[in-house]
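Student: Dumping the structure here so I can ask a few things about it.
Residue numbers (UniProt numbering): 1 to 298.
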């Protein structure tokens with residue numbers, strides 16, 4: 001009976017150890033972590049409006065994403081490298097730091113602690129080949145710490161392309177007819193001028209259709225991704241040398257006395273020179289006083 005009890009207790013301990021090991025199995029933890037990464041990566045990806053090779057539809061695909069990252073500068077470099085790797089290019093980037101608060105605290109007679117609170121953000125616009133849009137977005141998703149929003153659009157412009165092509169053909173036919181009319185029937189100068197103006201308008205309309213189609217094809221071939229990156233508020237502390245008070249640079253009492261004596265002597269010299277400059281007036285004054293005493297006083 002005692003042996004059976006021991007076997008039962010041993011079995012119970014082994015079962016508990018088995019479930020404990022399974023619960024903390026590193027492989028299981030890695031699997032969960034991979035699943036989380038996959039979930040984060042697919043949170044902003046989209047396969048909407050993927051063109052078929054033999055399909056007639058043409059899409060202009062754009063993406064607008066705002067998210068928080070751990071470090072804006074590092075994420076910016078990673079995104080730019082990814083863009084270049086998949087044949088894209090950066091059309092706009094605005095990386096800047098915004099100071100929220102700045103405080104200076106004097107910690108010693110000659111040292112000051114400067115505390116700066118700031119945020120870093122970057123607005124990026126990139127263009128990537130349409131076939132690489134989903135791949136690039138999935139790679140960018142690895143930089144996301146918190147997703148604010150994601151907006152992906154696919155505008156079907158196949159009918160617009162067809163309309164421009166038909167308009168271009170009509171304009172070409174009309175242009176040829178006007179040119180022929182000018183060469184064969186244009187005799188009067190007024191008729192020729194009117195025909196030339198009509199021809200110029202047809203050429204302009206034809207050129208506009210061509211340019212618009214080229215613009216649409218460019219937007220079809222290269223998708224535009226607009227990104228807004230930001231990070232948590234950062235605090236930077238730096239110890240700086242304190243500015244000394246101007247009173248600390250005043251000379252001592254002895255030097256001040258010597259300077260005062262020099263200044264007094266300079267003032268006396270200035271007064272003496274000024275009086276010397278007035279010698280004609282002094283001479284006239286003494287002469288007048290002498291004459292007054294000698295003649296007028298009697």
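Using N, Cα and C, we set each Cβ at its ideal position, and we do this for glycine too.
Bear in mind the structure is a predicted one, so any value in this text is a computation, not a measurement.
DSSP three-state label for residue 299, please.
Tutor: Outside the modelled stretch of the chain, which goes from 1 to 298, sits residue 299, for which no answer is possible.
Student: Note down the Cα distance separating residue 254 from residue 95, rounded to an integer number of angstroms.
Tutor: Position 254 of the chain shown holds residue 254. Position 95 of the chain shown holds residue 95. Cα to Cα, the separation comes out at about 58 Å.
Student: Check this for me: beta carbons of residue 226 and residue 125, under 7 Å apart or not?
Tutor: The count along the chain shown starts at 1 and reaches residue 226 at position 226. The count along the chain shown starts at 1 and reaches residue 125 at position 125. Yes, Cβ-Cβ distance for residue 226 and residue 125 is below 7 Å.
Student: Near residue 72, which residues of its chain fall below 8 Å by C-beta distance, leaving aside the five closest residues on each side in sequence?
Tutor: The residue you call residue 72 lines up with position 72 of the chain shown. These residues qualify, in order along the chain: 95, 120, 121, 122, 229, 230 and 231.
Student: Can you find the residues in the same chain that come closer than 8 Å, C-beta to C-beta, to residue 59, ignoring five residues on each side of it along the sequence?
Tutor: As a position in the chain shown, residue 59 is number 59, starting the count at 1. Closer than 8 Å at the Cβ level, and outside the excluded window around residue 59, lie 49, 51, 130, 154, 155, 156, 157 and 220.
Student: Please work out which residues of its chain come closer than 6 Å, Cβ to Cβ, to residue 105, disregarding the five sequence neighbours upstream and downstream, and give them in chain order.
Tutor: Within the chain shown, numbered from 1, the residue matching residue 105 stands at position 105. Taken in chain order, the residues that qualify are 113.
Student: Would you mind working out which of 266, 240, 209 and 234 sits nearest residue 117, comparing C-alpha positions?
Tutor: Working through the chain shown from its first residue, we reach residue 117 at position 117. Among 266, 240, 209 and 234, the Cα nearest to that of residue 117 is on 234.
Student: Just verifying my parser: in three-state terms, what is the DSSP assignment at residue 64?
Tutor: Numbered from 1 along the chain shown, position 64 holds the residue referred to as residue 64. Residue 64 sits in a strand when the DSSP states are folded into three classes.
Student: I'd like to check one pair, residue 74 with residue 145: are the Cβ atoms closer than 7 Å?
Tutor: Residue 145 sits at position 145 when you count from the first residue of the chain shown. Residue 74 sits at position 74 when you count from the first residue of the chain shown. Cβ atoms of residue 145 and residue 74: not closer than 7 Å.
Student: Helix, strand or coil: which one does DSSP assign to residue 252?
Tutor: Residue 252 sits at position 252 when you count from the first residue of the chain shown. Coil at residue 252, not helix or strand.
Student: Going by beta-carbon coordinates alone, are residue 111 and residue 223 separated by less than 7 Å?
Tutor: Here residue 111 refers to the residue found at position 111 when the chain shown is read from its first residue. Here residue 223 refers to the residue found at position 223 when the chain shown is read from its first residue. Result no, Cβ atoms of residue 111 and residue 223 do not sit closer than 7 Å.
Student: Taking the alpha carbon of residue 127 as the point to measure from, which residue in 64, 240 and 285 has its own alpha carbon closest?
Tutor: Indexing the chain shown from 1 puts residue 127 at position 127. Checked all of 64, 240 and 285; the closest Cα to residue 127 is 64.
Student: What is the DSSP secondary structure of residue 278, counted as helix, strand or coil?
Tutor: For the purposes of this step, residue 278 is taken as the residue at position 278 of the chain shown. If DSSP states are grouped into helix, strand and coil, residue 278 belongs with coil.
Student: In chain order, what residues of the same chain have a beta carbon less than 6 Å from the beta carbon of residue 92, not counting five sequence neighbours either side?
Tutor: Numbered from its first residue, the chain shown carries residue 92 at position 92. Excluding sequence neighbours, residue 92 sits near 125.
Student: How many whole angstroms separate the CB atoms of residue 67 and residue 147, which I take to be in contact at a CB cut-off of 8 Å?
Tutor: The count along the chain shown starts at 1 and reaches residue 67 at position 67. The count along the chain shown starts at 1 and reaches residue 147 at position 147. Yes, residue 67 and residue 147 are in contact; Cβ-Cβ is about 5 Å, under 8 Å.
Student: Could you tell me how far apart the beta carbons of residue 76 and residue 136 are, in whole angstroms, since I believe they sit closer than 8 Å?
Tutor: Working through the chain shown from its first residue, we reach residue 76 at position 76. Working through the chain shown from its first residue, we reach residue 136 at position 136. Actually they are not in contact, since the Cβ atoms of residue 76 and residue 136 sit about 15 Å apart, beyond 8 Å.
Student: Mind reading off the beta-carbon distance from residue 209 to residue 167? Whole number of angstroms is fine, and I expect it under 8 Å.
Tutor: Here residue 209 is taken as the residue at index 209 of the chain shown, counted from 1. Here residue 167 is taken as the residue at index 167 of the chain shown, counted from 1. Right, the Cβ-Cβ distance comes to about 5 Å (below 8 Å), so this counts as a contact.
Student: Residue 223 by DSSP, collapsed to three states: which one?
Tutor: The residue given as residue 223 occupies position 223 in the chain shown. In this structure, residue 223 counts as strand in the three-state DSSP scheme.
Student: Could you tell me which of 159, 133, 164 and 165 sits nearest to residue 152, measuring between CA atoms?
Tutor: Within the chain shown, residue 152 is the residue found at index 152, counting from 1. It is 133.
Student: Take the Cβ of residue 38 as the centre, count every other Cβ of all protein chains shown within 10 Å, and call the residue buried at 16 or more, exposed below.
Tutor: For this step, residue 38 is matched to residue 38 along the chain shown. Low per-residue confidence applies at residue 38: pLDDT is 45, beneath 50, and the placement is therefore not dependable enough to give any value.
Student: For the alpha helix (DSSP H) that contains residue 78, what are its first and last residues?
Tutor: Taking the first residue of the chain shown as position 1, residue 78 is located at position 78. Segment 72-85, the alpha helix (DSSP H) holding residue 78.
Student: Would residue 115 and residue 256 qualify as a contact pair, given that the criterion is a beta-carbon distance under 7 Å?
Tutor: Translated into the one-based positions of the chain shown, residue 115 becomes position 115. Translated into the one-based positions of the chain shown, residue 256 becomes position 256. No. Outside cutoff.
Student: Are residue 211 and residue 140 close, meaning C-beta to C-beta below 7 Å?
Tutor: Along the chain shown, read from residue 1 onward, the residue named residue 211 stands at position 211. Along the chain shown, read from residue 1 onward, the residue named residue 140 stands at position 140. Cβ distance not < 7 Å, so residue 211 and residue 140 don't count as in contact.
Student: Please name the residue or residues paired with residue 141 in a DSSP beta bridge.
Tutor: In the chain shown, counting from the first residue as 1, residue 141 sits at position 141. Paired residue(s): none; residue 141 is not in a bridge.
Student: Starting from residue 237, trace the beta strand (DSSP E) in both directions and tell me its first and last residue.
Tutor: By 1-based counting over the chain shown, the position of residue 237 is 237. 234-241 is the span of the beta strand (DSSP E), which, as asked, contains residue 237.
Student: Under three-state DSSP, which class holds residue 157?
Tutor: As a working mapping, residue 157 is identified with position 157 in the chain shown. In this structure, residue 157 counts as coil in the three-state DSSP scheme.
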